[in-house]
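Novice:
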Amino acid sequence: MTAAMKIDSSLIEKARARRLPVDLTDAQVQQFGAEIEAVRKKIMDSLGENDARYIRRMIKVQRALEVGGRGLLFAGILPPAWLAGTAMLGVAKILENMEIGHNVIHGQWDWMRDPQIHSSTWEWDNVCPSDQWQHSHNYMHHKWTNVVGMDRDVGYGILRMSEKQPWHPAHLAQPVTNAMLATFFQWGVALHDVEFERVRTGEKSVKEAWGQLKHIGKKVRKQVVKDYVLFPLLAGPFFLPVLTGNITANLIRNLWAYMIIFCGHFPDGVEDFLPEDVENEDKAHWYLRQLLGSANISGGKLMHIMSGNLSHQMEHHLFPDMPSNRYAEASAEVQAICKKYGLPYNSKPLHRQFGSVLRKVMRLSLPNGKPKAELATA
Amino acid sequence: MISALRPLTRIGHWIATPVLPESYLELINPLLGAGLRGRIERLVRESDRAVSLEIRPNHQWQGARPGQYVRLGIDVDGVRHWRCYSVSSAKAGRNDTFTITVNAIDGGQVSTWLNCNAQVGMVVMLDQAAGDFVLPQGELPKLLFVTAGSGITPVMGMLRAMAASGQMADVVHLHYSPDDAHNLFAEERRGLSLAHGWKTLDQLTRSRGDQHFSAAQLDALCPDWAERLAYACGPAALMDATAAHWQQAGLADQLKQENFRPVLKTVAAGAGGEVRFWNSERVAEGAGDKPLLEVAEQAGLMPKHGCRMGICQGCLVTLKEGQVRDLTSGEVFGESGDMVRICVCAAAGNVTLEL
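Chains as they are written, first to last, in our numbering: chain A, 5 to 382; chain B, 15 to 369.
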């Protein structure tokens with residue numbers, strides 16, 4: 005695990021010369037940054053009642069789906085009820101975690117000043133405590149997106165997802181590790197901020213990690229009791245169908261969330277970076293790096309909602325605190341700006357993005373062959 | 015009853031985790047949602063710029079005494095705003111509805127919005143009643159009320175309550191309004207005065223050219239004012255004038271005042287101010303362009319934070335008083351209770367943070 009977080013030192017020299025792989029002068033980058041900022045300002049200034057209605061309705065729909073799903077599972081001895089109940093609960097969990105929870109915790113809805121829908125109070129339906137997620141995700145991942153060695157989401161400390169990470173024989177098992185991560189995604193997310201690799205190297209104290217684990221333990225207890233003890237018990241003789249339905253719903257959420265999230269930063273064409281690339285980085289370069297380090301999933305409205313609008317991963321990374329229902333609008337303007345500056349706008353259907361992610365998981369389980377990163381930017 | 019429900023409540027919490035059972039009950043009835051809230055049951059238009067709202071609070075309401083105020087939270091353009099309004103009804107007990115009267119203030123976002131948009135059925139957020147602008151318990155002394163404009167509302171609550179309870183009292187009420195059309199509750203007050211032998215002295219300052227409050231006027235209209243327990247409520251000018259007058263007479267403890275509208279000092283563009291850290295009882299100078307996070311760190315505090323660029327919400331702190339400037343947009347904003355990102359916000363005038 006430790007090895008995965010270190011940087012292949014031979015690549016640092018090359019990166020120095022390269023900085024960000026774009027053909028723009030510094031003045032052009034600044035101009036680009038100002039235009040992105042203007043998109044942000046325009047949309048943020050126009051937030052209002054319609055947006056508030058959107059998130060409140062989304063929360064209502066999600067809760068109704070959850071109540072409906074759990075209700076149907078009580079009749080889960082009948083296969084159609086089990087299937088429908090499980091599907092509804094799975095969708096409810098996906099909506100809660102992605103379009104609602106993830107985005108609320110980002111502070112996208114803080115402007116409403118509603119304490120019930122606020123980044124400082126939201127606790128999501130997931131074994132990961134929101135405050136730890138806020139640190140590992142909002143800060144570490146969003147500030148240092150795709151910077152190998154700084155953004156721990158590059159392989160989550162267990163996968164080799166960048167050629168800049170040195171290879172280790174353990175990576176041969178990567179296809180299996182990857183499948184395990186997908187299956188138990190919420191657990192991986194929960195343990196992510198404990199940073200075991202930093203505890204092992206002594207960078208982080210055991211005491212601090214233990215404190216985090218206890219905090220996670222409390223959340224885990226509540227989540228597990230709810231889904232795997234209390235609701236099955238409430239069903240009395242139908243204990244088993246409720247239990248299997250809940251397990252399946254959590255699994256559906258895990259697999260879907262994993263797939264969407266891996267499509268955000270690992271498909272072909274997405275750049276990764278080295279700490280040297282981000283030294284003294286200003287806001288305009290930060291915007292540029294966010295754009296180059298993320299990829300979108302093209303699709304319809306349902307795709308956007310079910311992915312928590314992470315189908316607009318590029319817009320999300322440019323504007324992490326912009327309400328997700330406005331990303332589609334931002335996307336049109338960002339695309340136009342990209343075109344103007346000759347920057348890539350990486351947006352493809354789910355099967356293509358995820359296909360290239362899986363290929364990368366396989367490819368990087370083996371040592372680097374030809375240095376593809378160089379070919380791509382030559 | 016309550017103890018029998020406790021195990022049920024506990025199970026409710028376990029099955030609703032990570033949210034509250036109220037979050038689901040709200041789907042059935044918005045009044046069952048988390049926190050104190052109320053539903054508007056009746057609207058009465060009092061003048062072209064004042065409306066009374068009769069509100070049915072949910073089970074969490076602990077009741078108000080006449081003269082107290084409640085904080086009302088409503089969403090204007092999707093943003094929650096809180097304002098204080100005096101209870102103007104005689105009753106406001108645990109199981110009662112209560113009424114507030116909202117006078118549209120020029121430039122007042124919330125009061126104007128309520129006057130135009132409040133509807134029967136609308137659910138508003140509430141805080142428990144507060145304030146010590148109330149009548150003394152037991153037998154009432156001789157009373158003097160001095161009110162102006164919408165400052166009538168808490169006094170109206172007291173007058174109605176006295177009338178309803180049949181409490182005998184010697185009351186003089188001096189009320190200022192611009193003209194008949196804006197003289198709130200004029201007819202009802204006249205009726206109450208006749209029925210209870212109270213003295214109501216309405217001053218119409220615009221239409222009739224009556225004078226604003228002065229010591230001489232008070233002496234003329236209510237010669238025994240010094241013998242009375244006085245209550246004053248109205249705009250800042252009236253508050254200042256009455257406070258000074260009672261102070262001069264050495265009778266400051268016989269005057270009770272209610273003042274809602276905080277005096278917002280306009281801050282020069284770019285100016286900072288004194289930063290108070292409430293929990294740690296420290297004070298520091300905050301420049302207008304210096305993030306409050308840095309000010310706090312230099313004052314020896316170690317606030318929780320993350321990105322230091324305004325994207326991660328890791329540094330949110332509750333604003334107690336004052337306003338801040340968002341350094342990324344230049345916007346000056348803030349109301350008491352707002353959560354602000356201290357890594358990208360600077361002091362705009364004096365501020366107090368819960369840190």
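Cβ atoms here follow ideal geometry from the backbone N, Cα and C, with glycine treated the same way.
Using a 10 Å radius around the Cβ and a threshold of 16 neighbouring Cβ atoms, would you call W214/A buried or exposed?
Specialist: The residue is exposed, with fewer than 16 neighbouring Cβ atoms inside 10 Å.
Novice: Is there a C-beta anywhere in chain A that falls below 8 Å from the one on V124/B?
Specialist: So, not an interface residue.
Novice: Check for me: the beta strand (DSSP E) holding Q76/B runs from which residue to which?
Specialist: Looking at the DSSP string, Q76/B is not in any beta strand (DSSP E), and its letter there is neither H nor E.
Novice: Please name the residues in the stretch 92-119 of chain B whose beta-carbon is closer than 9 Å to at least one beta-carbon of chain A, in chain order.
Specialist: Against chain A - using a Cβ distance shorter than 9 Å - the residues of the stretch 92-119 of chain B are G92, V93, R94, H95 and W96.
Novice: Short check: CB of G248/B to CB of G300/B, under 8 Å?
Specialist: Cβ distance not < 8 Å, so G248/B and G300/B don't count as in contact.
Novice: Anything in the stretch 18-39 of chain B with a Cβ closer than 8 Å to a Cβ of chain A? List those residues in chain order, please.
Specialist: Hits within the stretch, in order: I25, W28, I29, T31, P32, V33, S37 and Y38.
Novice: Between W292/B and the rest of its own chain, which residues show a CB-CB distance below 8 Å, the 5 nearest in sequence each way excluded?
Specialist: Excluding sequence neighbours, W292/B sits near K334, T366, L367, E368 and L369.
Novice: Check the DSSP bridge columns for I114/B and list the partner residues they point to.
Specialist: I114/B pairs with L67/B and V101/B.
Novice: Helix, strand or coil: how does DSSP classify H189/B here?
Specialist: Three-state DSSP puts H189/B in a strand.
Novice: Grab me the residues of M92/A's own chain with a C-beta within less than 6 Å of its C-beta, minus the 5 sequence neighbours each way, in chain order.
Specialist: Here the set comprises L69, G72 and G73.
Novice: Listed from N- to C-terminal order along the chain, which residues in the stretch 39-60 of chain B have their beta-carbon within a distance smaller than 7 Å of any beta-carbon of chain A?
Specialist: The residues in question are L41 and A48.
Novice: Between the Cα of P402/A and the Cα atoms of G314/B, I325/B and Q181/B, which residue gives the shortest distance?
Specialist: As displayed, chain A neither begins before 5 nor continues past 382, which places residue 402/A out of reach and without an answer.
Novice: Any beta carbon of chain B sitting closer than 8 Å to that of P324/A?
Specialist: P324/A counts as touching chain B.
Novice: G320/B CB to nearest chain A CB: under 8 Å?
Specialist: Yes, G320/B counts as interfacial toward chain A.
Novice: What is the DSSP secondary structure of K230/A, counted as helix, strand or coil?
Specialist: Helix.
Novice: What does D372/B reach in chain A if we use C-beta pairs closer than 8 Å?
Specialist: No answer is possible for residue 372/B: the residues shown for chain B start at 15 and end at 369.
Novice: Does any residue of chain A have a CB that is nearer than 8 Å to the CB of C326/B?
Specialist: So, interface residue.
Novice: Can you list, in chain order, the stretches of the beta strand (DSSP E) that have 3 or more residues and sit fully within the stretch 318-375 of chain A?
Specialist: List check, beta strand (DSSP E) in window: 351-353.
Novice: Taking beta-carbon pairs under 8 Å, can you tell me which members of the stretch 92-114 of chain A lie near chain B?
Specialist: Those would be I109, H110, G111 and D114, in chain order.
Novice: What does the alpha-carbon distance come out to for the pair L206/B and A177/B?
Specialist: So the alpha carbons of these two residues sit roughly 7 Å apart.
Novice: What in chain B is Cβ-close to V71/A, meaning under 8 Å?
Specialist: Chain B residues near V71/A: Y38 and L41.
Novice: Using a Cβ-Cβ cut-off of less than 8 Å, give me the residues of the stretch 214-230 of chain A that come near chain B, in sequence order.
Specialist: Listed by position, the residues of the stretch 214-230 of chain A near chain B (Cβ gap below 8 Å) are K223, K226, Q227, V229 and K230.
Novice: Leaving out five residues on either side along the sequence, give the residues of the same chain with a beta carbon under 6 Å from the beta carbon of M170/B.
Specialist: Closer than 6 Å at the Cβ level, and outside the excluded window around M170/B, lie S102 and F199.
Novice: Spatial neighbours of M5/A within its chain, please: C-beta separation below 8 Å, excluding the five flanking residues on both sides.
Specialist: Note that M5/A scores a pLDDT of 38, beneath 50, so its modelled location is shaky; the value from the coordinates is reported in the next line. Excluding positions up to five away in sequence, the list reads G161, I162, F200, E201 and R204.
Novice: Should M1/B go down as buried or exposed, given a rule of 16 or more other Cβ atoms within 10 Å for buried?
Specialist: There is simply no residue 1/B to check, as chain B begins at 15 and stops at 369 in what is shown.
Novice: Grouping DSSP H, G and I as helix and E and B as strand, with all else coil, what is A380/A?
Specialist: Only weak support exists for where A380/A lies, its pLDDT of 48 falling under 50; the coordinates are left without a value.
Novice: Is the Cβ of Y345/A closer than 8 Å to any Cβ of chain C?
Specialist: Here the protein chains are A and B, and chain C is not one of them.
Novice: Across which residues does DSSP place F347/B in a beta bridge pair?
Specialist: Per DSSP, V338/B.
Novice: Quick one: Cα of M136/B to Cα of E68/B, how far?
Specialist: M136/B and E68/B: Cα-Cα distance of roughly 11 Å.
Novice: Does L86/B come out as helix, strand or coil in the three-state DSSP assignment?
Specialist: Correct three-state label for L86/B: strand.
Novice: Helix or strand or just coil, what does DSSP make of M182/B?
Specialist: Coil.
Novice: Determine contact between the stretch 243-262 of chain B and the stretch 153-163 of chain B, defined as no fewer than three beta-carbon pairs at a distance below 8 Å.
Specialist: Cβ pair count under 8 Å is three or more, so yes.
Novice: Could you work out which residue in A282/B, C236/B, H319/B and G314/B is closest to E295/B when comparing CA atoms only?
Specialist: Nearest option by C-alpha distance: G314/B.
Novice: Within 10 angstroms of the Cβ of I25/B, are there 16 or more other Cβ atoms? Answer buried if so, exposed if not.
Specialist: Label assigned to I25/B: exposed.
Novice: Going along chain B, which residues have a C-beta under 9 Å from M116/A?
Specialist: Within 9 Å Cβ-Cβ: D89, G92, V93 and R94.
Novice: With three or more beta-carbon pairs closer than 8 Å as the criterion, would you say the stretch 129-144 of chain B touches the stretch 222-229 of chain B?
Specialist: With the cut-off at 8 Å, the stretch 129-144 of chain B and the stretch 222-229 of chain B do not touch.
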